[in-house]
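Chains as they are written, first to last, in the UniProt record's numbering: chain A, 1 to 345; chain B, 1 to 345.
Okay, structure first, notes after.
Protein chains: 2
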Amino acid sequence: MKRKSITSRDVAKLAGVSQSAVSRCFSPHAKVSQRTREKVMAAARELGYRPNTIARSLITRSSRTIAVVTYSLENPFYSFVLERASRFFQQQGYHLLLFFAPPNGGFDAVLDEIIQSQVEGVLMLAITLDGEQASVVADFGIPVVIINRTVNYTGISQVGSDNYAGGFWAGSYLASLGHRRIAFLAGLPDSSTNRQRHDGFVEGLKSQGLTCHSLEVGNYRYEDACHATRRFFAAPSPPDAIFSANDLMAIASMETLRHELGLTVPDDVSVIGFDDMPMAAWPSHSLTTLKQPVDLMIMKATELLLEQINETESTPQQLTLPVTPMLRNSTRRPGRGGASGQTSN
Amino acid sequence: MKRKSITSRDVAKLAGVSQSAVSRCFSPHAKVSQRTREKVMAAARELGYRPNTIARSLITRSSRTIAVVTYSLENPFYSFVLERASRFFQQQGYHLLLFFAPPNGGFDAVLDEIIQSQVEGVLMLAITLDGEQASVVADFGIPVVIINRTVNYTGISQVGSDNYAGGFWAGSYLASLGHRRIAFLAGLPDSSTNRQRHDGFVEGLKSQGLTCHSLEVGNYRYEDACHATRRFFAAPSPPDAIFSANDLMAIASMETLRHELGLTVPDDVSVIGFDDMPMAAWPSHSLTTLKQPVDLMIMKATELLLEQINETESTPQQLTLPVTPMLRNSTRRPGRGGASGQTSN
DNA sequence: TTGAAAGCGCTAACAG
DNA sequence: CTGTTAGCGCTTTCAA
């Protein structure tokens, strides 16, 4: 099934013009006479000619390709971001190379592939990289924008939301509701998002004279969060409120609480998530959460990347966008105060 | 931010060898002496040299790239398939070019981009194309595999599941449960999956002496399915069971039924979905559905594509894989029979 | 084993 | 406006 590869030369021969005339006909800013263009187009159609993008890229030194790297699509928040950002770039005439970060290490190899593939920019979704990895790409002169993760390296643009403030709100709000045994359901322990949300949370609790009651790790994943929840409630003193580092885990937690542990949300346990993915608003879940301004994040990230690609010496930026508490029904109504009833499993 | 582009020639100069020697050092099956290899590698490291994939592709005429085309990632079923298939190809050393089908037409342009981008194969997720579109790609000699959609063209490999049988089961099973007003919540009306599931469903009902009570279109989308559900129950004689053409719509329907229309599932209305995406098993939904053998589908599709890429004259295949009913709690228990209680909105 | 030379298919000066 | 000419960075014969 090897295609015979019709080249511009073949078309030129058939049309009775030079090869460069053919090339011009397929370039946007061409200056070709009507007559030649017609002859060329006719010949091209007859032969089924398509310009070879690879050859074009080689000479123009522009691949019009952007790499998108992502950690996983299990979380619908990220498939949403991926789709939106991809459609945007596609509309701008870019191709998208998709890379998944390998589950256990080997990310350096992916970084290498990206560099070799001559992409003009890299969009990273929730990718944690260390300073060295970051500098490898940046030193190569490829613009990089990271969405929803922070790296300690100013050479790379970063778009995120105010995880600390969100965590702070969650902690203080749960305390203000009268909860006293407030737990943290952690995401990937090494991720900046997890750290920042956790730190804010702890400070928020502290502002109300509380400390973090307990912590379990859910790695931002559904199944892991179910297990973490079971662990919380197998303990002698289970929490009466949970702040989860993302929505997916928060929902996992509620599912486990309600349908496996026989507890009621929010009467027995209040739950707060983070992201506000579409599903969080579904009535079954009705999850109180911190809304990340996803549209704005995508807009800023794509804008930033395009800017760095097009403008020489545009400086990388670190953006922290505000989050918004979305009060729904996974948390108690305010004003009732007091201690919560306890139900053991 | 233009990278200065270190070429193999630069490395050669520094290492004091010929340019082709450098090339050989970066080719898998090279025959290079230990001494030259060391010199070259040292020079390469010093300069930060990376072979240019584009130039390599041009000369080897193999891009080691596969295009993945998808309609939307709103449905987690497809983000799951995308992730799994992508990881597989990535592991096999392929790059993935991601394309989204534009919402309203303009798919021909995307097809054109794909052809021009010199990919070695195309994986289409739930993409509906007509015979002409199909033949354009196939005539170009690019292997194509379509997952979860059927096109009337044998030149293209197609991997799907037995939509008709699934529909048939849903129709006859709901009837056997005693339901008499059984409706169809349709996906994209023009899609083969929707047609096949619908046809099977109608036959399944017929086998029990019933006809389709009513039909609304949800376009495989959450919001549309919510509206469709409202329309079902605004009618003078609402259904007492719904077969939804996919899980996402089935869940949308249940959300609307339970939390907006005040109805109970399965007591007032039974609901059956299609796909068995992970979320369908979450206890809140506990959706009875038809499981598509997603792992097998991915395996077969990737296998088929690789085979067609590597083996000249491997013939395209059309695979129909079996679906499995997953009985959960969105349908009544069997054996109760009888008419259902009716609740108006 | 290594280097020289010939392109892959295309764009981009440069003359005409 | 058109054709000629020179490469883009690499792989791959072919001699040495």
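Even for Gly, the Cβ is constructed at its ideal location relative to N, Cα and C.
Keep in mind that this is a model prediction, so the values were computed, not measured.
Where does residue i sit, in a helix, a strand or coil, going by DSSP?
| i | result |
| --- | --- |
| A/D10 | helix |
| B/Q342 | With a pLDDT of 36 at B/Q342, under the threshold of 50, the modelled position of this residue cannot be trusted, and the question is left open. |
| A/A186 | strand |
| A/T315 | coil |
| B/F146 | Reading the sequence as shown, one finds Ile at residue 146 of chain B and not Phe. B/I146: strand per DSSP, three-state reduction. |
| A/L125 | strand |
| A/L287 | coil |
| A/F107 | helix |
| A/L321 | strand |
| B/L98 | strand |
| B/S135 | helix |
| B/S244 | strand |
| B/Y164 | helix |
| A/L47 | helix |
| B/S20 | helix |
| A/V40 | helix |
| B/P266 | coil |
| B/R35 | helix |
| A/D130 | coil |
Does any residue of chain A bring its CB to less than 8 Å from the CB of residue i?
| i | result |
| --- | --- |
| B/H283 | Sequence check: residue 283 of chain B is Pro here, not His. Answer yes: the Cβ-Cβ gap between B/P283 and chain A drops below 8 Å somewhere. |
| B/Q342 | Bear in mind that the predicted position of B/Q342 carries a pLDDT of just 36, short of 50, making it unreliable; the figure below should be weighed with that in mind. So, not an interface residue. |
| B/Q158 | no |
| B/E255 | yes |
| residue 350 of chain B | Outside the displayed span of chain B (1 to 345) sits residue 350 of chain B, for which this structure offers no information. |
| B/L47 | no |
| B/F100 | yes |
| B/P266 | no |
| B/H198 | no |
| B/H227 | no |
| B/P28 | no |
| B/M1 | In this prediction, B/M1 has a pLDDT of 37, which is less than 50 and means its spatial position is unreliable; what the coordinates show is noted afterwards. It does; some Cβ of chain A falls within 8 Å. |
| B/S63 | yes |
| B/H259 | yes |
| B/L111 | no |
From the beta carbon of residue i, is the nearest beta carbon of chain B less than 8 Å away?
| i | result |
| --- | --- |
| A/N219 | no |
| A/A55 | yes |
| A/R87 | yes |
| A/E83 | yes |
| A/I115 | yes |
| A/N52 | yes |
| A/R73 | A small correction: the amino acid at residue 73 of chain A is Leu; Arg does not occupy that position in the sequence shown. At least one chain B Cβ lies under 8 Å of A/L73. |
| A/S20 | no |
| A/L96 | yes |
| residue 347 of chain A | Residue 347 of chain A lies beyond the range of chain A shown here (1 to 345); nothing can be said about it. |
| A/Q292 | no |
To the nearest whole angstrom, what separates the beta carbons of residue i and residue j, a pair I think is in contact under 8 Å?
| i | j | result |
| --- | --- | --- |
| A/F100 | B/E83 | 7 Å |
| A/S286 | A/S253 | Incorrect: roughly 14 Å between the Cβ atoms, too far for contact. |
| A/L210 | A/R180 | 7 Å |
| A/V323 | A/A165 | 6 Å |
| A/T320 | A/S117 | 30 Å between Cβ atoms; not a contact. |
| A/G187 | A/T193 | 7 Å |
| B/N52 | B/L248 | At roughly 43 Å, the Cβ-Cβ gap does not stay under 8 Å, so B/N52 and B/L248 are not in contact. |
| residue 346 of chain A | A/I146 | Outside the shown range of chain A (1 to 345) lies residue 346 of chain A, about which nothing can therefore be said. |
| A/T289 | A/D275 | 6 Å |
| A/V68 | A/S86 | 7 Å |
| A/V137 | A/L111 | 6 Å |
| A/H95 | A/R64 | 6 Å |
The alpha helix (DSSP H) with residue i in it runs from where to where?
| i | result |
| --- | --- |
| A/M299 | V294 to N310 |
| residue 349 of chain A | Here chain A covers residues 1 to 345 and nothing more, so residue 349 of chain A does not appear. |
| B/I59 | T53 to T60 |
| B/K31 | No alpha helix (DSSP H) contains B/K31, which DSSP labels as neither H nor E. |
| B/V119 | Run containing B/V119: none; DSSP gives neither H nor E here. |
Could you spell out the range, first to last residue, of the beta strand (DSSP E) harbouring residue i?
| i | result |
| --- | --- |
| A/F324 | The residue you asked about is not Phe; residue 324 of chain A is Thr in the sequence shown. Unbroken beta strand (DSSP E) run through A/T324: T324 to M326. |
| A/L82 | Taken as a continuous stretch (DSSP letters only), A/L82 belongs to no beta strand (DSSP E), being part of the alpha helix (DSSP H) at P76 to Q91. |
| B/Q158 | S157 to S161 |
| B/F274 | S270 to D275 |
| A/A67 | T65 to T70 |
| B/F26 | Run containing B/F26: none; DSSP gives neither H nor E here. |
* **Within the region 169 to 242 of chain B, ranges of the beta strand (DSSP E) (whole runs, at least 3 residues)** => 182 to 186 and 214 to 217
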